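> Can you read through this structure? Questions will come right after.
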Amino acid sequence: MPVDNERAQESEAEAHTIASALENVRLVEYDERFLERSWTWFNDEEILALTMTPPLTSKADQLAWFAGLAKRTDYFVWGIETGDKPIGVTGLKHVKGTAAEAFTVIGDKEYWGRGLSRMIMRVLIGHARNLGIKWISARTLMSNVRSMRSLVSYGFTEWKTEGDVKWMKYGVDDEP
Ligand SMILES: CC(C)(COP(=O)(O)OP(=O)(O)OC[C@H]1O[C@@H](n2cnc3c(N)ncnc32)[C@H](O)[C@@H]1OP(=O)(O)O)[C@@H](O)C(=O)NCCC(=O)NCCS
Numbered sequence: 000m001p002v003d004n005e006r007a008q009e010s011e012a013e014a015h016t017i018a019s020a021l022e023n024v025r026l027v028e029y030d031e032r033f034l035e036r037s038w039t040w041f042n043d044e045e046i047l048a049l050t051m052t053p054p055l056t057s058k059a060d061q062l063a064w065f066a067g068l069a070k071r072t073d074y075f076v077w078g079i080e081t082g083d084k085p086i087g088v089t090g091l092k093h094v095k096g097t098a099a100e101a102f103t104v105i106g107d108k109e110y111w112g113r114g115l116s117r118m119i120m121r122v123l124i125g126h127a128r129n130l131g132i133k134w135i136s137a138r139t140l141m142s143n144v145r146s147m148r149s150l151v152s153y154g155f156t157e158w159k160t161e162g163d164v165k166w167m168k169y170g171v172d173d174e175p
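Numbers 0 to 175, taken from numbering that gives the first Met the number 0, label the letters of the sequence shown in order.
Written out as structure tokens, the structure reads:
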């Protein structure tokens, strides 16, 4: 087979694999698989800069955090997976009364910019609604284009600005 045809077939097969992986993305219970992958994701310099978070300190702290999850009423986290492959995490933190702050980290960079944010946000907001949450905030660097655009296109509006950081807000009951 000519090399060009072979390459075209390979990239078609690759595109098909990615398309089917994207179709199968789901939010699931956060289990040890996500904990293990999080060690890499939350020690990655680019991800830490985008999310404005410090690196994880130790695996022992991470395990203690995981062990405490079930009892928490101020913090909820879900895993994002495709097939059985963990690709990220999303959740609600600082849950207080009817307000919470949303966060999403697609840790596997291969899945950035492929349109997953809308589905993730839709499911996350469904979870928030079930928890009785009415106001969701999100904190993002203004330079984080994907994050800013995904929030705006989902219907988040500007709340306040702190230096390079934009706080956005969303009324769960305002959802069309
Ligand atoms: C931020 C994040 C959750 C967005 O999810 P995503 O699935 O990658 O984003 P999408 O592909 O749905 O794109 C979101 C928007 O950005 C746009 N976009 C995507 N890639 C882009 C790029 N390279 N340049 C400019 N715009 C881009 C999309 O067109 C879309 O805008 P639209 O809704 O107006 O069309 C994800 O990229 C991520 O986890 N990044 C690392 C961690 C992070 O930054 N978390 C958020 C801050 S706390």
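Ideal Cβ positions, reconstructed from N, Cα and C, are used throughout, including at glycine. Just so you know, these numbers come straight off a predicted model, no measurement behind them.
1) State the start and end residues of the unbroken alpha helix (DSSP H) segment that holds K84.
2) So within the stretch 12 to 55, which uninterrupted beta strand (DSSP E) runs reach at least 3 residues, ignoring any that extend past its ends?
3) For L140, which of helix, strand or coil comes out of DSSP?
4) Would you call T72 buried or exposed, if buried means 16 or more other Cβ atoms sit within 10 Å of its Cβ?
5) Mind checking whether the beta-carbon of T139 lies closer than 7 Å to any heavy atom of ligand 1?
6) Judging by CA-CA distance, which residue of E80, K165, E28 and G114 is the nearest neighbour of S149?
7) So what's G169 in DSSP terms, helix, strand or just coil?
8) Are there 16 or more other CB atoms within 10 angstroms of the CB of R36, so buried, or fewer, so exposed?
9) Can you give the Cα-Cα distance for G67 and E28, rounded to whole angstroms?
10) Given that a residue counts as buried once 16 or more other Cβ atoms are within 10 Å of its Cβ, and exposed if not, what is M141?
11) Between which two residues does the beta strand (DSSP E) holding I79 run?
12) Flag this pair as yes or no: are the beta carbons of E80 and A137 separated by less than 8 Å?
13) Which residues does DSSP list as the beta-bridge partners of K159?
Taking the definition as stated:
1) That residue, K84, is in no alpha helix (DSSP H); its beta strand (DSSP E) goes K84 to K95.
2) Here the runs fully enclosed are 24 to 28.
3) Residue state, collapsed to three classes: strand.
4) Its Cβ having fewer than 16 others within 10 Å, T72 is exposed.
5) Using a cutoff of 7 Å, the CB of T139 counts as near ligand 1, since one of the ligand's heavy atoms is closer than that.
6) When the alpha-carbon of S149 is set against those of E80, K165, E28 and G114, the nearest one is in G114.
7) It should be noted that the sequence gives Tyr, not Gly, for residue 169. Y169 falls in the strand class under three-state DSSP.
8) Residue environment analysis places R36 among the buried positions, since at least 16 neighbouring C-beta atoms fall within 10 angstroms of its C-beta.
9) Approximately 15 Å, taken between the alpha carbons.
10) So M141 ends up on the exposed side.
11) Run containing I79: F75 to T81, per the beta strand (DSSP E) assignment.
12) No. Outside cutoff.
13) Bridge partners of K159: W166.
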